[in-house]
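S.K.: Per UniProt numbering, residue 1 is the first one in the sequence shown, and the count goes up by one each step.
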Amino acid sequence: MKKCMKKLEIDPSQPQLSRSSLGSITTFRFNQDVAREELVRFIVLDEQPFTFSEKETFKRFIKKLFGDSFQTPSKIPLKPIFLNFTKPKKRN
């Protein structure tokens with residue numbers, strides 16, 4: 001019996017079920033922009049090299065967590081996010 005390959009694909013915009021730290025079930029919606037910003041936050045605050053996201057071990061880790069939803073960026077597309085993250089915030 002053949003399976004429809006489209007059924008095996010995960011729509012990244014579709015909410016996924018997740019378990020909260022308290023054990024209750026919640027929904028999680030993957031957002032590529034938020035994921036990239038959090039990756040930049042991790043790299044900057046933990047003083048990782050800019051090429052960290054290109055390492056095979058990192059890519060394998062992310063693939064296990066998010067499947068194909070997260071598109072691992074190279075260091076070049078991350079540069080504008082790095083610059084924005086490190087820019088001093090304006091005070092009102």
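Virtual Cβ for every residue (Gly too), placed ideally from N, Cα, C. The model shown is predicted, which means the values in this text are computed figures rather than measured ones.
Report the three-state DSSP secondary structure of Phe50 (helix, strand or coil).
M.R.: Mapped onto the sequence shown, residue 50 falls at position 50. In the structure shown, Phe50 sits in a helix (DSSP, three-state: H, G or I).
S.K.: Kindly give me the distance between the Cβ atoms of Val34 and Phe82, rounded to whole angstroms, as I take these residues to be in contact under 8 Å.
M.R.: If you number the sequence shown from 1, residue 34 lands on position 34. If you number the sequence shown from 1, residue 82 lands on position 82. Incorrect: roughly 16 Å between the Cβ atoms, too far for contact.
S.K.: Can you give the Cα-Cα distance for Phe70 and Pro88, rounded to whole angstroms?
M.R.: Here residue 70 corresponds to residue number 70 of the sequence shown, with the count starting at 1. Here residue 88 corresponds to residue number 88 of the sequence shown, with the count starting at 1. Their Cα atoms are separated by approximately 28 Å.
S.K.: Could you name the residues of the same chain whose beta carbon sits closer than 7 Å to that of Thr72, not counting the 5 residues immediately before and after it, in chain order?
M.R.: On the sequence shown, position 72 is the one that residue 72 refers to. Hits under 7 Å: Ser53, Lys59 and Ile62.
S.K.: Identify whether Gln14 lies in helix, strand or coil by the three-state DSSP scheme.
M.R.: For the purposes of this step, residue 14 is identified with residue 14 of the sequence shown, where counting begins at 1. Note: Gln14 maps to coil in three-state DSSP.
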